[in-house]
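Student:
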Amino acid sequence: MRSRLVLLTLSLYLTFAVLGCTSKPPADTSTDTTANPSDTTAKGGGKEAKEGKESKEAKKEKKKEPVIVPAGTSVTVTLGSALGSKLSQAGQTFTGTVAKDITVGNEVVIPKGSTVAGSVTDAKALGKFKGGAVLDIRLDSINLNGYDMPVQTAARSFTEKGKGKRTAVITGGGAALGGIIGAIAGGGKGAAIGAAAGAGAGAGGSAFTGNKEIVLPAESDVTFELTQELKLERM
């Protein structure tokens, strides 16, 4: 009887021991070498994103550096319409196109064909008896990428000397000749009439000789010079 009790006790003990071993979760003895892959990826991705952003910012800053067209640079313009001492008046505007590429180093910064705008600063027709013809024009802007870039240029001045002195000589000569002819023809009264006729002939003759107005035909080229450097933003 006693032996049965001992056996029963041992059986129960073994049963509980086996049940306890099977219900206990297995110990996690593995080493996590990835250390949260998502965190690593996030860290690595963040670093790469930061480097990429810095690289883009550097490129952006470099791209923004303007190109400088120095003062003294020549800009040749093909006029879109005729201008002249008699045709134009002060304050009038005109348009045209750049006649040839403008470069800085080996880079074309203002291409041929770019549209320009300018103005007439002075225009005076040739005087009948004194004073010469005058035409002053300047370049005001150049259109680049759809934007009118203001420019500072020296005014181009065109002048034509008047023939006032020559006119006086011709007039005086005509009067003297008329007076001589009149005196021969009829004395004092004839001399007065001849002098008046001679003076008229001299003045009339001067109106058709020598004097010219200034005319710059359409499609003619005029070269301007920048008086201030021009800063152009790179696109």
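Using my numbering, the letters of the sequence shown correspond one by one to residues 12 to 246.
Beta carbons: idealized from backbone N, C-alpha and C, even for Gly.
1) For E244, which of D159, K172, T234, A166 has the nearest alpha-carbon?
2) Which ranges would you report for the beta strand (DSSP E) in the region 95 to 149 if only whole runs of at least 3 residues count?
3) Hey, how far is the Cα of V233 from the Cα of E76?
4) Please classify F235: is it buried, with 16 or more other beta-carbons within 10 angstroms of its beta-carbon, or exposed?
5) So which of E224, K242, V226, N156 has the shortest CA-CA distance to P122?
6) Taking all protein chains shown into account, do 16 or more other C-beta atoms lie within 10 angstroms of the C-beta of S99, making it buried, or fewer, making it exposed?
7) Looking only at its chain, what residues have a beta carbon closer than 7 Å to the beta carbon of I225, apart from the 5 residues adjacent to it on each side?
8) From V115 to A82, what distance separates their C-alpha atoms?
9) Among the residues of its own chain, which have a CB less than 7 Å from the CB of I191, if the five just before and after it don't count?
10) Starting from the Cα of G91, find the closest Cα among T84, A229, V80, L137 and give me that residue.
11) Inspect the beta-carbon positions of G124 and I148 and report whether they are closer than 7 Å.
12) Between V127 and S152, how many whole angstroms is the CB-CB distance? I'm expecting something under 8 Å.
13) Would you identify the three-state DSSP class for E171, choosing helix, strand or coil?
14) Within the same chain, show all residues whose beta-carbon is closer than 6 Å to that of V86, passing over the 5 residues directly before and after it, in chain order.
15) Give the secondary structure of G190 by DSSP, where H, G and I count as helix, E and B as strand, and everything else as coil.
16) Short of 7 Å in beta carbon distance, which residues of its chain neighbour A101, apart from the five on each side in sequence? Order them along the chain.
17) For a test of the three-state rule: what should DSSP assign to T164, helix, strand or coil?
18) With respect to the beta strand (DSSP E) encompassing L241, which residues constitute its N-terminal and C-terminal limits?
19) For a quick check, are the C-beta atoms of Q163 and T89 less than 7 Å apart?
20) By Cβ distance below 8 Å, which residues in the same chain neighbour D112 in space, the five residues on each side in sequence not counted?
21) Less than 6 Å between C-beta atoms, sequence neighbours within five positions excluded: which residues of the same chain meet that for G107?
Tutor: On the basis of the coordinates in this document:
1) D159
2) 104 to 109, 113 to 115, 118 to 121, 126 to 135
3) Between the C-alpha atoms of V233 and E76 there is a straight-line separation of about 31 Å.
4) buried
5) The option with the nearest alpha carbon to P122 is N156.
6) buried
7) G95, S96, A144, L146, F169, E171
8) Answer to the nearest angstrom: the Cα atoms are 12 Å apart.
9) Residue placement at I191 cannot be trusted, given a pLDDT of 36 that sits under 50; what the coordinates show is reported in the next sentence. Contacts found: none.
10) A229
11) no
12) A Cβ-Cβ separation of about 7 Å places V127 in contact with S152 under the 8 Å criterion.
13) Correct three-state label for E171: strand.
14) Contacts found: F235.
15) Interpretation of G190 is limited by its pLDDT of 41, a score under 50 that renders its predicted location unreliable; no figure is taken from the coordinates.
16) V131, T132, D133, A134
17) strand
18) 241 to 243
19) no
20) Closer than 8 Å at Cβ, skipping near neighbours: V119, I121, P122, K123.
21) V88, T89, L90, G91, V127, listed in sequence order.
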